[in-house]
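Below: one structure, written as structure tokens.
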Amino acid sequence: MTEMAKKMSEFERKRRGRNIALAVVIFGLAALFYVMSIVHMSGGAKG
Amino acid sequence: MTDRPINATGGIAAASTSMSDAVSALPQEASVSDFVALLKPRVMSLVVFTGFAGMMIAPGSIHPVIAAVAILCIAIATGASGAINMWYERDLDAKMERTKDRPLPAGRMEPEPALAFGCILAGGSVMVMGLGVNWAAAALLALAIGFYVFVYTIWLKRRTPQNIVIGGAAGAFPPLIGWAAVTGDISLGGIALFALIFMWTPPHFWALALYKCEDYEKAGVPMLPVVSGVLETKKQILLYTVLLLPVSLIPTWIGTASLAWGALSAALGVVFIGFAVKVWLDETDRAPRQMFRYSLLYLSVLFAGLIVDNSVGRMLVG
């Protein structure tokens, strides 16, 4: 039973970690597209 | 009354069994670090650095945000290629000491998520490069991924000892991509950097293959030392390091780099040849190991030198 509980807890810990990483990536992408759009609209993309 | 304890015990046993079944039926849950390992972060760092150097020395300018996006795309595409490579080569990786602890052969991850992860990152990086930077750089990025996955990993690696020679082109793309991110086209300066990495790759990998020969043999990968023997490999290493020397001077000849950088390049190239000679003469693993380490230093110093050289040049001009 303890072994099973440990496995479940490990499973849940990994899943939680992945969910957090995915959330960070999605928010990061949103921020990236926002900044990229601002740069392109301001005509600064050519440096 | 007598039935109750038996039923209760049976119920607990049944619940315990079904719980055990449920736990064992849980899908293989990979951790974030396993996904990061799929990206081959150590390979990524050198690739990103050469891409950055290509961008820094290209004529023209680029907005810092767009430059960061281009570097991010090169990094992600490199990682994506690595993930697809690990998916395809999971059977080989399981047989080799060097790679058996990777997430797929170690059983920490199912193959399908690894492939999906690689494909999504590959497609995403090309799309972002196209939309955010330019489509010339995006096309080169797609070509580099395709070359690494289809030409090197799937076609050449298991078939010919020349796998590294032709497949090495995939690793030579980043400075060309960095260059194209700034200029929007492919020009001689970028091609010169491509040629430099292309010629550097065979001696770099063959030095590694010399002291990992047994590993490759066990996995059935036809690396040069496995197919043609140690002596032939040492001869080829020497040949390529000698050929690398004039190739490494092309950026100076065409005016992409200064004479000072040319002198640095020549000096590093002569030392590289010295290591190849040492490998030729040494019967042990020591010289190939030293040469492998030096090859990494060689490329890092050359590209760092290019960045410094170009920055100093721009400061003096402007």
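Residue numbers (the numbering used here), protein chains in the order written: chain A, 1 to 47; chain B, 1001 to 1318. Backbone N, C-alpha and C fix where the C-beta goes; we use that ideal spot for every residue, glycine too.
Original post:
Taking just the CA atoms, how far does A:I20 sit from B:M1199?
Top reply: Here residue 1199 of chain B is taken as the residue at index 199 of the second sequence, counted from 1. Here residue 20 of chain A is taken as the residue at index 20 of the first sequence, counted from 1. Approximately 42 Å between the Cα atoms of the pair.
Original post:
Interface residues of chain A around B:G1132 at Cβ under 7 Å?
Top reply: Within the second sequence, numbered from 1, the residue matching residue 1132 of chain B stands at position 132. Simply M36.
Original post:
Contact between the stretch 1141-1149 of chain B and the stretch 1108-1115 of chain B: three or more CB pairs below 8 Å?
Top reply: Verdict: no, contact absent.
**OP:** Find the residues of chain C that neighbour B:E1029, judging by a C-beta separation of less than 7 Å, and give them in chain order.
**Re:** The chain inventory of the structure shown lacks chain C, comprising the protein chains A and B.
**OP:** Measure the Cβ-Cβ separation of B:D1320 and B:A1138 and say whether it is below 9 Å.
**Re:** Any answer about residue 1320 of chain B is impossible in this case: the structure gives chain B only from 1001 up to 1318.
**OP:** Quick one: grab the DSSP three-state call for B:V1221.
**Re:** In the second sequence, the residue the question calls residue 1221 of chain B occupies position 221. The answer is coil: DSSP assigns B:V1221 none of H, G, I, E or B.
Original post:
Under 9 Å Cβ-Cβ, which residues of chain B neighbour A:A23?
Top reply: If you number the first sequence from 1, residue 23 of chain A lands on position 23. Correct list: empty, because the minimum Cβ distance to chain B is about 12 Å.
Subject >> Cβ neighbours of B:M1056 in the same chain (closer than 7 Å, five flanking residues each side left out) >> reply: Walking along the second sequence from the start, residue 1056 of chain B turns up at place 56. Cβ neighbours of B:M1056 beyond the five flanking positions: I1307 and N1310.
Original post:
Apart from the five residues just before and just after B:K1040, which ones in its own chain have a Cβ nearer than 6 Å to its Cβ?
Top reply: Residue 1040 of chain B sits at position 40 when you count from the first residue of the second sequence. Result list for B:K1040: G1082, in chain order.
**OP:** Would you kindly work out how many angstroms separate the C-alpha atoms of B:A1220 and B:V1242, rounded to a whole number?
**Re:** For this step, residue 1220 of chain B is matched to residue 220 along the second sequence. For this step, residue 1242 of chain B is matched to residue 242 along the second sequence. Residue identity check: residue 1220 of chain B is Gly in the sequence provided, not Ala. If you take the alpha carbons of B:G1220 and B:V1242, they lie about 30 Å apart.
Original post:
Buried or exposed: B:D1034, going by 16 or more other Cβ atoms within 10 Å of its Cβ?
Top reply: As a position in the second sequence, residue 1034 of chain B is number 34, starting the count at 1. Under this definition B:D1034 is a buried residue.
**OP:** Name the two residues that bound the continuous alpha helix (DSSP H) containing B:G1118.
**Re:** Counting from one through the second sequence, the residue named residue 1118 of chain B turns up at place 118. Taken as a continuous stretch (DSSP letters only), the alpha helix (DSSP H) holding B:G1118 covers P1111 to G1132.
Subject >> Cutoff 8 Å; reference B:M1044; Cβ partners in own chain excluding five residues on either side >> reply: In the second sequence, residue 1044 of chain B corresponds to position 44, counting from 1. The answer, listed in chain order, is A1075, T1078, G1079 and G1082.
Original post:
Between B:V1069 and chain A, is there a C-beta pair that is closer than 9 Å?
Top reply: Position 69 of the second sequence, counting from 1, holds the residue named residue 1069 of chain B. With 9 Å as the cut-off, B:V1069 counts as an interface residue toward chain A.
Subject >> Cut-off 6 Å between Cβ atoms - residues of its own chain near B:A1058, not counting five sequence neighbours on either side >> reply: Taking the second sequence and counting its residues from 1, one reaches residue 1058 of chain B at position 58. Around B:A1058: W1179, V1182 and T1183.
Subject >> Bounding residues of the alpha helix (DSSP H) (the contiguous stretch that carries B:R1042) >> reply: For the purposes of this step, residue 1042 of chain B is taken as residue 42 along the second sequence, with counting starting at 1. In the DSSP annotation of this structure, the continuous segment of the alpha helix (DSSP H) that includes B:R1042 starts and ends at P1041 to I1057.
**OP:** May I have the straight-line CA-CA distance separating B:T1002 from B:A1116, to the nearest angstrom?
**Re:** Translated into positions along the second sequence, residue 1002 of chain B becomes position 2. Translated into positions along the second sequence, residue 1116 of chain B becomes position 116. With a pLDDT of 39 at B:T1002, under the threshold of 50, the predicted position of this residue should be treated as unreliable, though the coordinate-derived value follows. Using only the alpha carbons, I get a separation of about 56 Å.
**OP:** Indicate the three-state DSSP secondary structure (helix, strand or coil) for B:H1204 in the structure shown.
**Re:** Residue mapping note: residue 1204 of chain B aligns to position 204 of the second sequence, counting from 1. Of the three classes helix, strand and coil, the one that applies to B:H1204 here is helix, per DSSP.
Subject >> Closest Cα partner of B:E1232 within the set B:I1273, B:P1203 and B:L1249 >> reply: Within the second sequence, numbered from 1, the residue matching residue 1232 of chain B stands at position 232. For B:E1232, the closest C-alpha among the options B:I1273, B:P1203 and B:L1249 is that of B:P1203.
**OP:** Locate the alpha helix (DSSP H) running through B:Q1290, then write down its first and last residues.
**Re:** Reading the second sequence from its first residue, position 290 is the one you call residue 1290 of chain B. Its alpha helix (DSSP H) spans residues R1286 to V1317.
Original post:
Mind listing which residues of the stretch 1145-1167 of chain B have their C-beta closer than 7 Å to chain A's C-betas, in chain order?
Top reply: So the list is empty, because no residue satisfies the distance condition.
**OP:** Determine the contact status of B:P1251 and B:A1257, defining contact as a CB-CB distance below 9 Å.
**Re:** Numbered from its first residue, the second sequence carries residue 1251 of chain B at position 251. Numbered from its first residue, the second sequence carries residue 1257 of chain B at position 257. In this structure, the beta-carbon distance from B:P1251 to B:A1257 falls below 9 Å.
Subject >> Residue interval of the alpha helix (DSSP H) (run including B:R1090) >> reply: Here residue 1090 of chain B refers to the residue found at position 90 of the second sequence. Counted as a single uninterrupted DSSP element, the alpha helix (DSSP H) harbouring B:R1090 occupies residues R1090 to K1095.
Subject >> Per-residue contacts from B:V1279 into chain A (C-beta, under 7 Å) >> reply: Sequence index remark: in the second sequence, residue 1279 of chain B carries index 279 (1-based). Against chain A, a Cβ distance below 7 Å from B:V1279 picks out nothing, because the smallest value is about 42 Å.
Original post:
Measuring CB to CB, does B:L1264 end up less than 9 Å from B:L1302?
Top reply: Numbered from 1 along the second sequence, position 264 holds the residue referred to as residue 1264 of chain B. Numbered from 1 along the second sequence, position 302 holds the residue referred to as residue 1302 of chain B. Here B:L1264 is near B:L1302, since their CB atoms are less than 9 Å apart.
**OP:** Please look up how many angstroms separate the CB atoms of B:P1175 and B:G1054, rounded, as I've assumed it's under 8 Å.
**Re:** The residue you call residue 1175 of chain B lines up with position 175 of the second sequence. The residue you call residue 1054 of chain B lines up with position 54 of the second sequence. Yes, B:P1175 and B:G1054 are in contact; Cβ-Cβ is about 3 Å, under 8 Å.
Subject >> When A:G43, A:E10 and A:M4 are compared against B:A1030, the one with the closest alpha-carbon >> reply: Translated into positions along the second sequence, residue 1030 of chain B becomes position 30. If we check each option's Cα against that of B:A1030, A:E10 comes out closest.
Original post:
Between B:N1134 and A:S37, what straight-line distance do the alpha-carbon atoms span, to the nearest angstrom?
Top reply: Translated into positions along the second sequence, residue 1134 of chain B becomes position 134. Translated into positions along the first sequence, residue 37 of chain A becomes position 37. Roughly 14 Å between the two C-alpha positions.
Original post:
Would A:G43 be called buried (16 or more neighbouring beta carbons within 10 Å of its own) or exposed?
Top reply: The sequence position of residue 43 of chain A within the first sequence is 43, counting from 1. Exposed: under 16 other Cβ atoms inside 10 Å.
Original post:
Excluding sequence positions up to five away, which residues of its chain have a Cβ less than 8 Å from the Cβ of B:K1100?
Top reply: Position 100 of the second sequence, counting from 1, holds the residue named residue 1100 of chain B. If the five residues before and after B:K1100 are omitted, its C-beta is found closer than 8 Å to the C-beta atoms of D1093, A1094 and A1106, all from its own chain and listed in chain order.
**OP:** Using a threshold of 9 Å, state whether the C-beta atoms of B:A1169 and B:V1247 are closer than that.
**Re:** By 1-based counting over the second sequence, the position of residue 1169 of chain B is 169. By 1-based counting over the second sequence, the position of residue 1247 of chain B is 247. Annotated as distal: B:A1169 and B:V1247, with beta-carbon spacing of 9 Å or more.
Original post:
Excluding five sequence neighbours on each side, which residues of the same chain lie with their C-beta closer than 6 Å to the C-beta of B:L1188?
Top reply: Start at 1 with the first residue of the second sequence, and residue 1188 of chain B comes out as number 188. I1254.
**OP:** Taking B:G1322 as the reference, give the member of B:A1192, B:A1070, B:L1072 and B:E1283 with the closest Cα.
**Re:** The structure shown has nothing for residue 1322 of chain B, since chain B only spans 1001 to 1318.
Original post:
Does any CB atom of chain A fall closer than 9 Å to the CB of B:V1032?
Top reply: In the second sequence, counting from the first residue as 1, residue 1032 of chain B sits at position 32. Closer than 9 Å: yes.
**OP:** Tell me whether the beta-carbon of B:V1048 lies closer than 9 Å to the beta-carbon of B:I1062.
**Re:** By 1-based counting over the second sequence, the position of residue 1048 of chain B is 48. By 1-based counting over the second sequence, the position of residue 1062 of chain B is 62. Cβ distance not < 9 Å, so B:V1048 and B:I1062 don't count as in contact.
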